[in-house]
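One structure below.
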Amino acid sequence: MAIDALVAAGMGPLDAQEHAERAAQKDATGGAMNAEGNRMNVGKLPWHLLPWDAVEEVVRVLGFGATKYYEHCWEERPLSWVQTCASMTRHTVRFLMGEDRDPETGLHHMAHAACNALFLVAYALRGVTTKDDRRAQ
């Protein structure tokens, strides 16, 4: 991007110049480098941005479900999308009402909600629509 365009976008002239210089730097393989010479990993998923402690709590929810039912039950026998949303909503409402942890599992309500959301994302991405019982708009 030209320095004038960066300045017009709200960057100061010095910031714009530094941005342009960094963008022009390349490593031996053609990948972009920052000012310190570190690879910028352009085009790669930024896995380092995930909050791993929160992911771990979601995995605990999955572990509880695997013990209560069986492993991968949500995949092998897809759940109603509406009932999954209802469960996600119940956990969210309990959290909004000031209750942090689910009384049955002792795990964070939002980890339960996130787990339900992940089920729905997985169903949608995988084209598992046999239990998609949402009302048509």
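Read left to right, the sequence shown gives residues 4 to 140 (our numbering). All residues carry an ideal CB built from backbone N, CA and C; glycine is no exception.
Which residues share a DSSP beta bridge with residue i?
| i | result |
| --- | --- |
| R104 | H111 |
Is the Cβ-Cβ distance between residue i and residue j less than 7 Å?
| i | j | result |
| --- | --- | --- |
| P81 | V131 | yes |
| A116 | M91 | yes |
| F98 | H112 | yes |
| V96 | D136 | no |
Just reading off the alpha helix (DSSP H) that residue i is part of, what are its end residues?
| i | result |
| --- | --- |
| D136 | It is not in any alpha helix (DSSP H) - D136 carries neither H nor E in the DSSP assignment. |
| K71 | 55 to 71 |
| E79 | 76 to 79 |
| L82 | L82 -> no alpha helix (DSSP H), and no H or E assigned at all. |
Once DSSP output is grouped into helix, strand and coil, what is the label at residue i?
| i | result |
| --- | --- |
| L3 | No answer is possible for residue 3: the residues shown for the chain start at 4 and end at 140. |
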